[in-house]
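Counting from 1, position 32 in the sequence shown corresponds to residue 88 in our numbering; the numbering is continuous, with no gaps.
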Amino acid sequence: LKSGMNGSVFTLQTDDVETAVDKAVAAGAVLDGGEADEAERTCFGGRTAFVKDPYGNVWVIASPFQPSPDVAA
């Protein structure tokens, strides 16, 4: 995130990050950090994208945690 920003940071968890980002952008948000179809793959096996709404709030849109099949329970 950039310094000097105003607003809040919210986190939204969803199974379909790309659709949530597309809806946010259609409603006036701006994707921060790449194209909507390139949501970042995270270390916890999910996907994460950042959007900024017209009021300056940042939304972290993430899929649920998915444990790695390589890790024994």
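All residues carry an ideal CB built from backbone N, CA and C; glycine is no exception.
Exercise. Considering only the beta carbon of each residue, do valine 77 and alanine 105 sit closer than 7 Å?
Worked result: yes
Exercise. Looking only at its own chain, which residues have a Cβ that is under 8 Å from the Cβ of asparagine 62, when we skip the five neighbours before and after it?
Worked result: Gly112
Problem set entry | Reduced DSSP category for alanine 118 - H, G, I as helix; E, B as strand; rest coil | strand
Exercise. Is DSSP giving alanine 105 helix, strand or coil here?
Worked result: strand
For this session: Sort Lys108, Phe121 and Val86 by Cα distance to valine 65 and report the nearest one.
Result: Lys108
Exercise. DSSP on leucine 57, reduced to helix/strand/coil?
Worked result: Note on leucine 57: pLDDT 48, under 50, position unreliable in the model; the coordinate value appears next. Note: leucine 57 maps to coil in three-state DSSP.
Problem set entry | For threonine 75 and aspartate 88, the rounded distance between their alpha carbons | 16 Å
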